[in-house]
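Numbering-wise (the working numbering), the sequence shown opens with residue 1 and increments by one. Worksheet: one structure, shown below.
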Amino acid sequence: MHVSEFFFDYPFSKLQMSLSGDIMYASLFSASVFGIGAFRVHIETHLENAVPMFLMVGLPDSAVRESKERVSAAIKNSNLPFPLKRITVNLAPADIRKEGSGFDLPIALGIIAAMGHVDPDKLEDSLFIGELALDGELRPIHGALSIALMAKDESIKRIYLPKENAEEAGLVQGIDIIPLISLQEAIAVLNNDISIEPHTSLIDGLFQQKQERGIDLSDIKGQEQVKRAMEVSAAGGHNLIMVGPPGSGKTMIAKRLPGILPPMTMEEALETTKIHSVAGQLPKGVPLVTMRPFRSPHHTISDAALVGGGMGVIRAGEISLAHHGVLFLDELPEFARNVLEVLRQPLEDRSISISRTKMSVDYPANFMLLCSMNPCPCGHFGNPHQQCTCSTQQIQRYMGRISGPLLDRIDIHVDVPAVRYRDISDARKGESTEIVRERVIQARELQRIRFSERKDVFKNADMLSADIRHWCALNEASSELLNKAMNTLGLSARAYDRILKVSRTIADLADSEHIQVEHVSEAVHYRSLDRQFWNG
């Protein structure tokens, strides 16, 4: 069909393209991610008779600029003519950097529409996203959930995207998700040659899936005090550090923490999924993250990889990938000092703001910090079964790698002693993960009711100063005990707040409305590790 014939078939008022002499124009919408959100991108395609050239403007990054080669090859290999014209593609708004390969499909459709081979009515109220292979097949993109949520907020009626992303985008209700496998299929759908039913994801079935971890809390022999501390940590969302000799089971215990955490809510699952999707960390075939993340980076990690950043595109770090889950730092003193110090601000704010010269990106980082370490370089300081070979200076330097301010932000400190033979050889099994998890869920339910009118506080660890004063009132005996502990241990004001938060959680586990002396006593015990080698 000639372009002029095409214009006779469609009223000019409905067209998203225009023809003026040898100039052809088309317009449609796509999207780009920014942080864990997304924004709409207006793609304009301009064709004119001039020296053949393919220009792209609107602050495209390298992946977007490379789409020229993918788009031209995909159009040719889809048995469509590629115009020997001057092609100009504008990505608006022009002052925001565009990232990723998801603009391939809309750019190709814009060129094809400008040539008059696509029904322009179908471009209205729609959003197009997808990476093209050289043969015209569509490949999945990152951030489909964020894009779908943005599209719904902006009253876009339908999204055309790769079939592999349909399950993820289909989690958003109230918008038509049209799954595609190729550029040819996209053109056929837009021209009403074929029909594809919108995809809908079954959300309830996703939450019914159980993760088979193959590990259970009952596998831990002895270490009752440590298991109790981990239960308190899970019940209130508190940060925890375990200090003990090699082979005492610190890592084994840490891996069992996610199993006793309460199930994720739909809101938590969607927010966590957005982070993993944008970062390209969403496992294939898993459209929704329904199990709490457990991230365990190696001690050689950089500060940018831990909290987020990068030279060009600002990426989410491990603390954001652990959002609503657990960040486990094994052998804590082995991490670089500057890496550990950047944790201080997100541990307080539950988020991280990464700034560059021309942009600033905010990522959520509401995670539980779980750490383990030896008490000294050789690992046997305080071990009654094996002699420590370290000098006082060596121990002090080793412990000094963890600053006092960082330690103050860790609510629970627990000693993990070497496992005794009688515990290892005991055939009896301790409490299972399911039993402990039920207690944790009950404690979290009390907290949900307590903070039901708050949107920024979900568990005891999230409480602010005003919340602590309101919900953590102490009787005279409890107040006196805490006063003695503060003076004896030389604890900071931040440690005081942490003790009150942990006391509130212990009271919740005991189903007690008020904090009692025994609750404060246990909370103080979790701050009573020997601090003679810690630096402030």
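Idealized CB from N, CA, C, for every residue including glycine.
Assuming residue i and residue j form a contact by the criterion Cβ under 8 Å, report the distance between their Cβ atoms to the nearest whole angstrom.
i           : j           : result
residue 288 : residue 161 : Not quite, the Cβ-Cβ distance comes to about 16 Å (not below 8 Å), so this is no contact.
residue 539 : residue 322 : An answer regarding residue 539 cannot be provided, because it is not within the stretch 1 to 536 covered by the chain.
residue 118 : residue 109 : 6 Å
residue 201 : residue 164 : The Cβ separation is near 13 Å, so there is no contact.
residue 320 : residue 375 : About 31 Å separates the two Cβ atoms, so there is no contact after all.
residue 313 : residue 99  : 6 Å
residue 377 : residue 396 : Not a contact, Cβ separation roughly 11 Å.
residue 47  : residue 93  : With a Cβ gap of about 22 Å, residue 47 and residue 93 do not count as contacting.
Do you know how far the Cα of residue j is from the Cα of residue i?
i           : j           : result
residue 486 : residue 408 : 13 Å
residue 137 : residue 101 : 13 Å
residue 75  : residue 81  : 7 Å
residue 107 : residue 89  : 7 Å
residue 87  : residue 51  : 10 Å
residue 474 : residue 230 : 24 Å
residue 139 : residue 178 : 14 Å
residue 144 : residue 308 : 21 Å
residue 521 : residue 515 : 10 Å
residue 15  : residue 26  : With a pLDDT of only 38 at residue 15, under 50, the local geometry of the prediction cannot be trusted, and the value read off the model is given with reservation. The alpha-carbon atoms of residue 15 and residue 26 are separated by roughly 9 Å.
residue 267 : residue 142 : 20 Å
residue 60  : residue 451 : 44 Å
residue 540 : residue 497 : This structure cannot settle anything about residue 540, because the visible part of the chain is limited to 1 through 536.
residue 120 : residue 113 : 7 Å
residue 232 : residue 154 : 43 Å
residue 444 : residue 158 : 39 Å
residue 432 : residue 238 : 21 Å
residue 435 : residue 472 : 27 Å
residue 253 : residue 404 : 25 Å
residue 494 : residue 58  : 48 Å
residue 429 : residue 259 : 17 Å
residue 122 : residue 437 : 51 Å
residue 303 : residue 78  : 45 Å
residue 222 : residue 413 : 18 Å
residue 392 : residue 481 : 32 Å
residue 441 : residue 245 : 32 Å
residue 212 : residue 526 : Residue placement at residue 212 cannot be trusted, given a pLDDT of 47 that sits under 50; what the coordinates show is reported in the next sentence. One C-alpha to the other measures close to 31 Å.
Taking DSSP as the reference, what is the three-state secondary structure of residue i?
i           : result
residue 124 : coil
residue 524 : helix
residue 53  : strand
residue 168 : helix
residue 200 : coil
residue 179 : strand
residue 192 : coil
residue 146 : helix
residue 137 : strand
residue 83  : coil
residue 236 : helix
residue 479 : helix
residue 315 : strand
residue 422 : helix
residue 231 : helix
residue 212 : In this prediction, residue 212 has a pLDDT of 47, which is less than 50 and means its spatial position is unreliable; what the coordinates show is noted afterwards. If DSSP states are grouped into helix, strand and coil, residue 212 belongs with coil.
residue 361 : strand
residue 152 : helix
residue 429 : coil
residue 515 : strand
For residue i, which beta-bridge partners are listed by DSSP?
i           : result
residue 537 : Because the chain is modelled from 1 through 536, residue 537 falls outside the range shown and cannot be assessed.
residue 437 : In DSSP, residue 437 forms no bridge with anything.
residue 346 : Answer is none; residue 346 lacks a bridge partner.
residue 242 : 372, 414
residue 42  : 29, 92
residue 34  : 37
residue 260 : None; residue 260 has no bridge partner.
residue 294 : 326
residue 160 : 128, 178
residue 308 : 316
Is residue i close to chain C, meaning its C-beta is less than 8 Å from at least one C-beta of that chain?
i          : result
residue 97 : Going by chain labels, chain C is absent from the structure shown, which holds only one protein chain.
Q. At a cut of 8 Å, does the stretch 125 to 136 reach the stretch 26 to 34 through at least three beta carbon pairs?
A. yes
Q.
When you compare the stretch 277 to 288 with the stretch 364 to 375, are there three or more beta-carbon pairs, one atom per stretch, that lie closer than 8 Å?
A. no
Q: Would you be able to state if there are at least three C-beta pairs under 8 Å between the stretch 281 to 295 and the stretch 325 to 337?
A: yes
**Q.** Any 3 or more C-beta pairs closer than 8 Å across the stretch 378 to 386 and the stretch 331 to 342
**A.** no
Q) Does the stretch 400 to 414 come within contact of the stretch 342 to 357, defined as at least 3 CB pairs closer than 8 Å? A) yes
Q. Does the stretch 500 to 509 come within contact of the stretch 454 to 464, defined as at least 3 CB pairs closer than 8 Å?
A. yes
Q) Is the stretch 215 to 229 in contact with the stretch 186 to 201, if contact means three or more CB pairs nearer than 8 Å? A) no
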